[in-house]
Amino acid sequence: MVGIELWRFGLRYEADKDPVFDDLNLCIAPGQWSVIVGASGCGKTSLLRALAGLLDQQAKCDGEIRTDDGLSLSGRVAYMAQQDLLLPWLSVLDNVCVAERFAPVGDSQRDLRQRATQLLQQVGLGKLVNAYPQQLSGGQRQRVALARTLMQDRPLVLMDEPFSALDAVTRHRLQNLAAQLLANKTVVLITHDPQEALRLADRLYVLQGRPAMPVALRLPNTAAPRVLDGELAALQQQILQQLQPEAVDELV
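Count the sequence shown with this note's numbering and you get residues 190 to 441, in order.
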């Protein structure tokens with residue numbers, strides 16, 4: 190597990206007049222799901238890419254990104270994107286193992302494939318290890334992506350709206366599965382879906398304004414993934430009201 194602190198963090202793109210973030214302070218608790226919800230274009234993905242070290246040369250940062258153990262995040266991050274990004278010429282099993290091909294590891298190929306097979310069984314795809322991405326449904330492809338993320342076994346997992354393209358039933362199932370399999374990992378999930386945020390978060394932040402600032406929302410004292418009930422419905426409406434002015438601005 191690793192905890193992260195963004196201290197007086199700023200981010201600006203050369204082509205933009207206003208900064209995305211300015212003097213932002215945010216703590217990511219170790220071993221918990223920190224979920225950031227916000228309207229499209231508010232800076233959610235930029236924040237995630239900053240944590241992953243994936244910002245392009247047009248981005249200018251200041252402030253600090255600190256870890257609670259004082260070590261660099263390099264080599265300690267797994268990133269799960271909105272798109273599954275499966276390689277069509279590789280089997281399901283080989284897609285799960287793909288990151289390990291480019292990293293020095295002590296395990297033999299046999300051990301790696303055995304571990305990948307076990308992960309695929311955990312996500313319900315044990316019978317499809319030799320299938321190819323084009324033979325899978327959207328939900329199955331995203332489960333392969335989840336297994337690939339778990340295969341990396343990093344202490345920090347960054348998730349960029351990984352379930353947003355799925356139907357409601359499949360999304361609900363994968364949320365439950367991710368919560369189970371990523372227990373005790375430090376997870377940062379960004380989403381535009383308040384319901385998803387409320388189901389999965391240990392800590393929930395609503396990202397608002399420009400420069401964007403996170404506003405912490407108090408959550409029910411129940412374990413995630415939470416059952417949808419009246420209390421969550423009321424909180425969902427509260428988040429939607431907080432985001433509504435920004436959503437209207439986008440349409441103007």
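Virtual Cβ for every residue (Gly too), placed ideally from N, Cα, C.
The structure displayed is predicted, hence computed values, not measured ones.
Glu350 places its beta carbon 7 Å or farther from that of Thr375. A distance of 7 Å or more separates the beta carbons of Leu389 and Trp278. Between the beta-carbon of Phe352 and that of Arg343 there is about 20 Å, and that puts the pair past the 8 Å contact cut. DSSP places Thr411 outside both helix and strand once states are collapsed to three, so it counts as coil. Your pair Val209 and Gly232 checks out as a contact, with CB atoms roughly 4 Å apart and the cut at 8 Å. Under the 10 Å beta carbon count, Asp273 is surrounded by 16 or more other beta carbons and is classified as buried.
Residue burial annotation: Ala423 is exposed, with fewer than 16 other C-beta atoms found within 10 angstroms of its C-beta.
According to DSSP, residue pairing for Arg392 in a beta bridge involves Ser223.
Cβ-Cβ distances below 6 Å link Glu289 to Leu301 in the same chain, with the five nearest sequence neighbours on each side left out; the list follows chain order. Excluding residues up to 5 positions away in sequence, Leu195 lie with their Cβ nearer than 6 Å to the Cβ of Ile254 in the same chain. According to the DSSP assignment, Ala267 belongs to the beta strand (DSSP E) that extends over 266-269. Shown here for Thr306: same chain residues with a beta carbon closer than 8 Å to its own, the five before and five after excluded, namely Leu282, Gly315, Val318 in chain order. If one requires a minimum length of 4 residues, the alpha helix (DSSP H) runs lying completely within the stretch 273-327 are 281-290, 298-311, in chain order.
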